[in-house]
Amino acid sequence: MRDWVGLLARVVTGGVWVVAGALKLPDPAASVRAVRAYDLLPEAVVPTVGHLLPVVEVVVGLLLLLGLLTRPAAVVSSLLFVAFVVGISAAWARGMSIDCGCFGGGGFDADAREKYPWEIARDVGLLAASAWLVVRPSSHLSLDRRLLGGSTPSPRST
Amino acid sequence: MGKKAAQESRTARAAEVLETQRREESRRRRTTISAVVAALVVIVGLGYLVSTTLDSSGESALTPGGVDGYVVTVGDDAAPTTLDFYEDPQCPICQQFESEIGDDVAAAVEAGEVKVDYHVVSFLDDASQNQWSSRAANALMVVQDLAGPEAFVAMHDLLYDNQPTEGTAGPSDAQLVAWAVEAGAPEAAARQGIESGRFDQFVVNATDQMSKDGVNGTPTVFVDGEKVDGTPADSVAAVRKALGGSGS
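Residue numbers (UniProt numbering), protein chains in the order written: chain P, 1 to 158; chain V, 1 to 248.
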């Protein structure tokens, strides 16, 4: 039963990551501007984060969909969701009106303040699904099980 | 006694076999994980490389004549009030903004009461079937380069009067050339600049600069260097106030 919960968590979270990342991949300049709009990171790292984030999102999403290295992928996924919740909350708290840039886009959005609570709720939900997989990475239909003969690819020997 | 010893030795041998199997299995897992991790590093690295290559922001660009930084200044440099407008040619709210305050701003510029620093940016190509945003922005810079700020304003007004609806195909390059000529640019040079996308890279850099200026959308207005926050209606009100305040 719990393995089915794991599968559901993988498919939902992984699917969201793949879509979110893929929508951003074609326009890296927009991704950089979306990161910069939060006004949280130093300018020196803004372009790197903007260029790297969509790629990491797609890769983490694919790993979760495949159930490959589920636990490490879920750890990265959880950390990213924590970062996004912090970023959106910070924008909200400072009275900024920016599109979260979650699925491409970004920049000014007149309705942003009404959307923040929903975006945060969505990310918290996905964070919970990711956290489940960190604690209990075992799930049905996973490559971990097929390739590694187990659910927890821990490097511990014996 | 002997029987028991034999059994113990059998158990020990079985345990040894099991242990070997387990070690073998664990070695195989480690190899697989290492291979997957190595592949991931390569994939992320390549993806990052592609992203960085696709984003040409900040690469060297030709600057149009009479442009300081990324700004086309219209009006008397000594005017007491300075307005900054950040605008994308495809942005419908910019068109609305221009239709509400454009005439009053032009009159105030004429009277020497204000000068306007136009920041032409382009990030709405996705809202056009034929990259209207960046083509129109380039054409504006071509006109500025060839014929100066007055022609730039004429072109700017023509583009907003004829703005294509979002999601449709915008006018052709030939139409842009015709408008450039109407605005005051020489035809042959305008055609060359428009068709070759002479200032495309400049516009990309101007758009990056916009984001560095803390501007996240268009239209954004600054009055005497102060950014106007809030809704588009707030921007219109702020411009009205600035025009009123300078005695028009």
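We treat Cβ as the ideally placed atom computed from N, Cα and C, and that holds for glycine.
Provide the residue span of the alpha helix (DSSP H) that contains Asp104 of chain V, from first to last.
Unbroken alpha helix (DSSP H) run through Asp104 of chain V: 92-110.
Under 7 Å Cβ to Cβ from Leu124 of chain V, same chain only, skipping five residues before and after it: list those, please.
If we look at Leu124 of chain V and ignore the five residues flanking it on each side, its Cβ neighbours are Asp88, Gln90, Cys91, Ser133.
Going by CA-CA distance only, name the one from V:Phe152, V:Leu40, V:Ala38 that's closest to Asp143 of chain V.
In the sequence as presented, Asp is not what sits at residue 143 of chain V; that position holds Val. Checked all of V:Phe152, V:Leu40, V:Ala38; the closest Cα to Val143 of chain V is V:Phe152.
Of all Cβ atoms in chain P, is any one closer than 8 Å to the Cβ of Asp55 of chain V?
Yes - at least one Cβ of chain P is within 8 Å of the one on Asp55 of chain V.
Roughly how far, in whole angstroms, is the beta-carbon of Leu243 of chain V from the beta-carbon of Val74 of chain V, given that I think they are within contact range, below 8 Å?
Actually they are not in contact, since the Cβ atoms of Leu243 of chain V and Val74 of chain V sit about 14 Å apart, beyond 8 Å.
Compare the beta carbon distance of Asp123 of chain P and Ala112 of chain P with 8 Å and say whether it is the shorter of the two.
Contact flag unset, no.
On the criterion of 16 or more Cβ atoms from any shown chain inside 10 Å, does Arg94 of chain P qualify as buried, or is it exposed?
Exposed, because fewer than 16 other Cβ atoms sit within 10 Å of the Cβ of Arg94 of chain P.
Consider the Cβ of Ala237 of chain V: report whether some Cβ of chain P lies at a distance smaller than 8 Å.
Chain P, which has no Cβ nearer than 8 Å to the Cβ of Ala237 of chain V, makes this no.
Measure from the C-beta of Glu25 of chain V to each C-beta in chain P and report whether the shortest distance is under 8 Å.
Yes - at least one Cβ of chain P is within 8 Å of the one on Glu25 of chain V.
Taking CB distances under 8 Å as the criterion, tell me whether Arg113 of chain P reaches chain V.
No - not a single Cβ of chain V is within 8 Å of the one on Arg113 of chain P.
From the DSSP output, read off the bridge partner residues of Ile98 of chain P.
P:Phe108.
Are the region 29-38 of chain P and the region 102-109 of chain P in contact at 8 Å, needing three or more beta carbon pairs?
Yes: at least three Cβ pairs fall under 8 Å.
Are the C-beta of Ile120 of chain P and some C-beta of chain V separated by less than 8 Å?
So no, Ile120 of chain P is outside the interface.
Look at Phe202 of chain V and Leu62 of chain V and say whether their C-beta atoms are less than 8 Å apart.
Cβ atoms of Phe202 of chain V and Leu62 of chain V: closer than 8 Å.
Check each residue of the region 28-41 of chain V: if its Cβ is closer than 7 Å to any Cβ of chain P, include it; give the result in chain order.
From the region 28-41 of chain V, only Arg29, Arg30, Thr32, Ile33, Val36, Leu40 have a Cβ closer than 7 Å to chain P.
Between which two residues does the beta strand (DSSP E) containing Asp77 of chain V stretch?
First-last for Asp77 of chain V: undefined, no H or E at that position.
Return helix, strand or coil for His119 of chain V, following the three-state DSSP convention.
Reduced to three states, the DSSP call for His119 of chain V is strand.
What separation, rounded to the nearest whole angstrom, lies between the Cα atoms of Leu147 of chain P and Leu65 of chain P?
Leu147 of chain P and Leu65 of chain P: Cα-Cα distance of roughly 15 Å.
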